[in-house]
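The UniProt record's numbering numbers the first residue of the sequence shown as 9 and each following residue consecutively. Backbone N, C-alpha and C define an ideal beta-carbon position, used for all residues, glycine too.
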Amino acid sequence: AAVRRVGSADEFWATARRHLVRYARSDFSPALIERAAGSYVFDSDGRAILDFTSGQMSGLLGHSHPAIVESVSQSIATLDHLFSWMLSRPVVDLAAALARTLPPSLSKVLLLSTGGESNEAAIKMAKLSTGGYEVVAFDQSYHGVTHASSAATYGVSRAGYGPVAPGNIVVPTPNAYRPLFTRDGRHDWQAELDHAFAMVDRQSTGSLAAFIAEPVLSTGGVIDLPPGYLAALKQKCAERGMLLILDEAQTGLCRTGDWYAFQRDGVTPDILTLSKTLGAGLPLSAVITSEEIEARCHERGYYFATTHVSDPLPAAVGLAVIDVLTQGAYDQTARRLGDRLQRGLSELKDRHEHIGDVRGRGLLQGVELVTDRDTKEPAGDFGSAVTDACFRLGLHLNIVQFPGSSSILRLAPPLTITDTELDRGLDILDQALTAAAQRR
Ligand code: PMP
């Protein structure tokens with residue numbers, strides 16, 4: 009007999025409660041999602057919910073983009089999965105296609121499955137290549153839940169798992185809205201960077217391997233590194249013989265209005281990791297580095313042959329993603345729509361006193377909620393009241409909440425969203441802010 013399927017929504021939730029591990033701090037979303045298409049997901053009542061999370065950032069091209077459907081259907085029928093050592097055309101084509109979108113020094117590509125895994129592989133590369141083992145990251149970082157990636161992740165709880173990998177060093181995140189150092193009333197990020205590296209030098213035992221960072225800390229609260237910061241950071245790394253790993257899981261592939269967020273600063277990382285956006289909904293990630301680092305790692309026995317390394321199916325999907333982005337000039341789309349989104353959010357700020365800050369790049373925008381604009385007092389539960397109201401009104405938004413920090417709404421719709429859908433999302437957020445404020 010065929011495997012039994014759940015029937016009614018009641019049976020669905022009872023079965024979910026009985027059999028699923030709860031893998032996040034909060035409960036599951038209360039909606040049973042039956043279908044997704046374009047910028048929307050649809051629940052079991054047929055209600056359309058605008059997806060401003062891009063399926064938590066991986067649905068760069070919305071849901072069920074025809075080019076992705078086509079590449080998956082073709083690959084699954086003709087060339088699905090191979091022994092790790094075997095190569096196929098989609099893998100080599102994708103590696104070359106990625107290299108063409110990048111500065112010449114980033115020419116060597118390793119194709120894996122998830123973001124955490126790509127950072128794990130990048131950190132191992134940095135260790136092997138430098139001979140050091142210490143890894144530095146920002147205190148609002150998120151790089152994944154696997155061993156080394158989670159050791160470099162300070163944005164979620166580390167409590168309860170015992171010691172992380174030794175040699176992890178944490179430094180403050182440069183946050184222009186909540187600066188640690190100011191000069192003449194302005195964020196003095198240079199002083200913060202010097203302070204951060206004074207901390208690094210104090211903590212290091214002389215075995216620095218890498219600094220890992222996102223150019224815009226997304227899950228960390230949509231914190232854009234100040235212009236100039238990355239170049240200065242790269243310099244500090246070079247002076248210490250450590251590598252700069254940039255994690256563009258969320259920012260890579262046009263989302264911020266550039267193909268890669270690091271391009272704004274004209275800084276090339278030693279190692280770049282891509283994930284979420286590269287697979288447009290499917291698990292695909294990449295570690296990209298220079299010939300020199302690749303060669304040194306290989307000589308020293310680098311091993312990262314996973315079950316799904318260099319798999320043809322996700323590689324074919326990645327190629328389709330690059331094709332769509334290139335042909336549609338989606339870097340420009342993200343810039344134009346991002347401006348429209350930011351303008352809309354700034355207008356909401358004029359009308360809603362709980363909005364303390366609007367910030368971000370392209371189609372990755374953050375709205376920080378406070379109870380008082382002068383004191384910047386965190387808005388506490390108000391953020392969840394807003395996202396709950398949004399959800400009821402048909403808009404799904406992520407919310408970032410750190411202990412002791414504000415609620416930050418993250419707006420990251422797919423790059424394929426229409427102007428009308430974008431405006432509709434802003435309209436719902438407007439109504440939700442009003443509804444949540446009235447209830448306080
Ligand atoms: N890096 C960044 C910047 C991320 O946002 C995430 C996921 N939120 C990861 C890495 C981890 O990716 P994955 O969940 O695919 O392992």
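| Asked | Found |
| --- | --- |
| Beta-bridge pairing of residue 116 - partner residues as DSSP gives them | 297 |
| DSSP three-state assignment for residue 167, whether helix, strand or coil | coil |
| First through last residue of the alpha helix (DSSP H) which encompasses residue 406 | Unbroken run through residue 406 is the beta strand (DSSP E), 406 to 409; no alpha helix (DSSP H). |
| Residues near residue 291 by beta carbon distance below 6 Å, same chain, minus five either side | 121, 122 |
| Environment of residue 74 [buried if 16+ CB atoms lie within 10 Å] | exposed |
| Proximity of residue 372 and residue 262 at Cβ, strictly below 7 Å | no |
| The region 399 to 411 touching the region 54 to 61, judged by at least three CB pairs closer than 8 Å | yes |
| Close beta carbons around residue 439, own chain, < 7 Å, minus the five adjacent residues each side | 401 |
| Residue burial classification, residue 169 (beta-carbon count within 10 angstroms, cutoff 16) | exposed |
| Alpha carbon of residue 189 to alpha carbon of residue 148, nearest angstrom | 17 Å |
| Residues sharing a beta bridge with residue 417, DSSP | 375, 407 |
| Expected contact under 8 Å - CB spacing of residue 128 and residue 216 to nearest Å | About 18 Å separates the two Cβ atoms, so there is no contact after all. |
| Alpha-carbon to alpha-carbon, residue 348 and residue 428 | 11 Å |
| Cβ neighbour criterion (16 or more within 10 Å) applied to residue 446 | exposed |
| Proximal residues to residue 178 (C-beta, below 7 Å), its chain only, five neighbours per side dropped | 145, 147, 162 |
| Near the ligand SAM: residue 409 beta-carbon under 6 Å from a heavy atom | Annotation note on the ligand SAM: not contained in the displayed structure, which lists the ligand PMP as its ligands. |
| For residue 118 and residue 107, believed in contact at Cβ under 8 Å, the rounded distance | About 12 Å; that fails the 8 Å criterion. |
| Residue 338 - containing alpha helix (DSSP H), residue span | 338 to 359 |
| Where residue 430 sits in the DSSP three-state scheme | helix |
| Of the residues 34, 327, 377, the one placed nearest residue 391, counting alpha carbons only | 377 |
| Candidates 274, 264, 382, 338: closest to residue 370 by CA position | 264 |
| Residue nearest to residue 248 in terms of C-alpha spacing, selected from 19, 222, 205 | 205 |
| 6 Å CB neighbourhood of residue 368 in its chain, flanking five on each side removed | 230, 374 |
| Cβ contact check for the region 194 to 203 and the region 221 to 237: 3 or more pairs under 8 Å | yes |
| Member of 364, 345, 312 whose CA lies at the smallest distance from the CA of residue 431 | 345 |
| Residue burial classification, residue 307 (beta-carbon count within 10 angstroms, cutoff 16) | exposed |
| Rounded separation between residue 257 and residue 448 - CA only | 36 Å |
| Residue 383 classed as buried or exposed, judged by whether at least 16 other C-beta atoms fall within 10 angstroms | exposed |
| Residue 28 versus residue 67: straight-line alpha-carbon distance, rounded | 24 Å |
| Cα-Cα separation between residue 305 and residue 136, rounded to whole angstroms | 6 Å |
| Neighbourhood of residue 253 by C-beta distance below 8 Å, restricted to the same chain and skipping five residues each side | 127, 130, 131, 134, 218, 219, 220, 221, 277, 278, 279, 280, 281 |
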